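Here's the structure, in structure tokens; my notes come after.
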Amino acid sequence: MSEHRQFDLFAPPPSENPFTVYDDMRARCPVAHSDKLGGYWIATSYQAVNDVAKAPDLFSSVSISVPKDAFGAELADRPPITLDPPRHSTFRRTLLPAFSPQTIKAMESSVREHACALATALAEQDRCDAAAAYAKQIPSRFMARMIGCAGEREQEFADRMRALLESNELSETKAAMVETTRYLNELIAERRNDPRDDLVSCVLSAEIDGEKLAGQELIGALVLIITAGIDTTWSAIGSSLWHLARHPEDRARLVAEPELIPTAVEEFLRVYSPVQVARVVTGDTHFHGVDLVAGDSILMGVPSANRDAAEFPAADRVLLDRAVNRHLAFGVGIHRCLGSSIARMEMRIALEEWLRVIPEFTLAPGAAVSWSTGHVWGPRKLDLLLGGAPCASS
900 MSEHRQFDLF APPPSENPFT VYDDMRARCP VAHSDKLGGY WIATSYQAVN DVAKAPDLFS
960 SVSISVPKDA FGAELADRPP ITLDPPRHST FRRTLLPAFS PQTIKAMESS VREHACALAT
1020 ALAEQDRCDA AAAYAKQIPS RFMARMIGCA GEREQEFADR MRALLESNEL SETKAAMVET
1080 TRYLNELIAE RRNDPRDDLV SCVLSAEIDG EKLAGQELIG ALVLIITAGI DTTWSAIGSS
1140 LWHLARHPED RARLVAEPEL IPTAVEEFLR VYSPVQVARV VTGDTHFHGV DLVAGDSILM
1200 GVPSANRDAA EFPAADRVLL DRAVNRHLAF GVGIHRCLGS SIARMEMRIA LEEWLRVIPE
1260 FTLAPGAAVS WSTGHVWGPR KLDLLLGGAP CASS
């Protein structure tokens, strides 16, 4: 068990497949402890993660990171995910219209056009970094449009957010927040003078306990929405392409049976879950065999929970047509991901268009993949060799 006490969420992944890092830990203890990053607990089993998520009175969202000041004390507040009931539901309701099925459906065609254009351009090459040139580009453009930075401002948005999205070290993340805060304050000032039908204006109009967000809470809310909207989907698309590059039988099946892609998306989300966040224990309690103390941090190891054989038959295998898939990739309980429908749509279209245009691809030789660390896991470099004739247009 001593190796578990040295587990560092921000350390480089110890194996070719970082998602297997919890396997031994989960087999030994559903709730483990690490002495790194100031000390924190890790819920590793499906049941333990589910129990943490569904008990907000015992496991508070007041801090969702390990360590608690990972993003700097000034940005510890990131509503709605750092809010507990009843303030959480009030703020979340304000955001719902921006994530409605009608809103998402209206943007599908532009996402498909963008994915098709990206894939078509990449198909002219023999080799590409699919993480940077494809997986990242799709959610980045979508989020730029959602916050009102479409057209000529899309590149400015991407440039200004790059440092935050690509930082791995804690020191890099905190430094990147300085530039991000400056940029978001500029957007906030613009929208206060000229409100629009976009996410920034939506957040500016939101109220908690009868008061509009201001200062750290306002910046924190926008940081959460933007990073969650880009980083997680970028990671999920990249991990899906990484899997298909390593498993030609799965790639061939999805090319031949594209109707399986929505089900495959759910399976990729299960086996390669990108996100894991923390909670703070509110009172001393005995939980899944260990004694937790008020103030302890506990990480919800979703990548581990979704590989738990107690919940998923053949949990370590990717089954593209898995019929029952109650994965926790989007969370569970009151903090279930508000943008899950957007992420599913972007992943589905990204895979449909890539496989239609580039049905043949493999990992390039050498160090083809590098992974992000911390609370979001996914390929930050995915060097692929491209080959084969494109399929006929659908």
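By the count of the working numbering, the sequence shown reaches residue 1293 at its end, each step adding exactly one. Ideal placement from N, C-alpha and C gives every residue a C-beta, glycine not left out. These figures come from a predicted structure and were not determined experimentally.
Inset, instruction - Compute the Euclidean distance between the alpha carbons of Ile-1241 and Gln-905, then round it to the nearest angstrom. - result: 36 Å
Inset, instruction - Quick one: grab the DSSP three-state call for Trp-940. - result: strand
Inset, instruction - Give a yes or no on whether the C-beta atoms belonging to His-1274 and Val-1174 are separated by under 8 Å. - result: Their beta carbons are under 8 Å apart, which means His-1274 touches Val-1174 by this criterion.
Legend entry - Closest by C-alpha distance to Arg-1145, when choosing among Ile-1197, Leu-1098 and Leu-1262: Comparing Cα positions, the closest option is Leu-1262.
Inset, instruction - Return yes when the Cβ of Ala-1266 is within less than 8 Å of the Cβ of Leu-1281, no when it is not. - result: no
Inset, instruction - Could you tell me whether the region 1102-1113 touches the region 1204-1217, using the rule of 3 or more Cβ pairs below 8 Å? - result: no
Inset, instruction - Rank Val-1223, Ala-954, Arg-1216 and Ala-997 by C-alpha distance to the C-alpha of Arg-1095 and give the top, closest one. - result: Ala-997
Inset, instruction - Please report how far the alpha carbon of Trp-1278 lies from the alpha carbon of Asp-950, in whole angstroms. - result: Here the sequence assigns Pro to residue 1278, which means Trp is not the residue at that position. Those two C-alpha atoms are separated by around 29 Å.
Inset, instruction - On a CA-only basis, which of Asp-1183, Glu-1012, Leu-1017 and Ala-1177 is nearest Ile-1257? Give me that one, please. - result: Between Ile-1257 and the set Asp-1183, Glu-1012, Leu-1017 and Ala-1177, the nearest pair of CA atoms involves Leu-1017.
Legend entry - Beta-bridge partners of Glu-1259, as assigned by DSSP: Gly-1286
Inset, instruction - Express the C-alpha separation of Glu-1116 and Leu-974 in angstroms, rounding to a whole number. - result: For Leu-974, the predicted model reports a pLDDT of 48, less than 50, meaning its position is unreliable; a value from the coordinates is still stated below. Going from the Cα of Leu-974 to the Cα of Glu-1116 covers about 8 Å.
Inset, instruction - Determine the DSSP secondary structure at Pro-1278, reduced to helix, strand or coil. - result: strand
Legend entry - Assigned secondary structure, Lys-1111 (DSSP; H/G/I helix, E/B strand, else coil): strand
Inset, instruction - Using the Cα positions of Gly-1137 and Ile-1248, report the straight-line distance between them to the nearest angstrom. - result: Those two C-alpha atoms are separated by around 13 Å.
Inset, instruction - Decide if the region 927-940 is in contact with the region 1176-1189; the criterion is three or more beta carbon pairs, one per stretch, under 8 Å apart. - result: yes
Inset, instruction - Work out the CA separation of Leu-1254 and Glu-1023 for me, nearest whole Å. - result: 15 Å
Legend entry - CA-to-CA distance, Ile-1037 to Thr-1131, given in whole angstroms: 12 Å
Inset, instruction - Quick one: grab the DSSP three-state call for Thr-919. - result: helix
Inset, instruction - To the nearest angstrom, report how far apart Glu-1252 and Arg-1011 are at their CA atoms. - result: Computed Cα separation, rounded: 7 Å.
Inset, instruction - Determine, using beta-carbon pairs with one atom in the region 1193-1204 and one in the region 953-966, whether at least three such pairs fall under 8 Å. - result: A contact exists between the region 1193-1204 and the region 953-966.
Inset, instruction - Return the residue from the list Met-924, Trp-1141, Phe-909 and Pro-955 that minimises the CA-CA distance to His-1302. - result: Because the chain here runs from 900 to 1293, residue 1302 falls outside it and cannot be looked at.
Inset, instruction - Indicate whether Leu-1112 and Val-1099 have their beta-carbon atoms separated by less than 8 Å. - result: At least 8 Å separates the beta-carbon of Leu-1112 from that of Val-1099.
Inset, instruction - Sort Pro-1157, Glu-1148, Leu-936 and Ser-1139 by Cα distance to Glu-1166 and report the nearest one. - result: Ser-1139
Inset, instruction - Report all residues from its chain with a CB closer than 6 Å to the CB of Phe-918; omit the five preceding and five following residues, and keep chain order. - result: Correct list, in chain order: Tyr-1171 and Pro-1202.
Legend entry - Ala-1208 versus His-1226, Asp-1025 and His-1234, residue with shortest Cα-Cα distance: For the residues His-1226, Asp-1025 and His-1234, the minimum Cα distance to Ala-1208 belongs to His-1226.
Legend entry - Extent of the continuous alpha helix (DSSP H) run through Ser-1008: 1000-1021
Legend entry - Bounding residues of the alpha helix (DSSP H) (the contiguous stretch that carries Ser-1100): 1098-1104
Legend entry - Beta-carbon proximity list for Arg-1052, same chain, < 8 Å, skipping 5 on both sides: Apart from the 5 residues on each side of it in sequence, Arg-1052 sits with its Cβ closer than 8 Å to the Cβ of Ala-1043 in its chain, given in chain order.
Legend entry - DSSP three-state assignment for Thr-1184, whether helix, strand or coil: strand
Legend entry - C-beta atoms of Arg-1206 and Asp-922 nearer than 8 Å: Contact check for Arg-1206 against Asp-922 passes: the beta carbons are separated by less than 8 Å.
Legend entry - Option in Trp-1276, Arg-1243, Pro-1264 and Asp-907 with minimal Cα separation from Arg-1026: Pro-1264
Inset, instruction - Give the straight-line distance between the Cα atoms of Met-1060 and Arg-1040, rounded to the nearest whole angstrom. - result: Separation of Met-1060 and Arg-1040 (C-alpha to C-alpha, rounded to the nearest whole angstrom) is 12 Å.
Inset, instruction - Assign Val-1231 to buried or exposed, taking buried as 16 or more other Cβ atoms, counted over all protein chains shown, within 10 Å of its Cβ. - result: Val-1231 sits buried, since 16 or more C-beta atoms from the chains shown fall within 10 Å of its C-beta.
Inset, instruction - Report the residue from Ile-1124, Asp-907 and Trp-1141 whose alpha carbon sits nearest the alpha carbon of Thr-1079. - result: Of the candidates Ile-1124, Asp-907 and Trp-1141, the one whose C-alpha sits nearest the C-alpha of Thr-1079 is Ile-1124.
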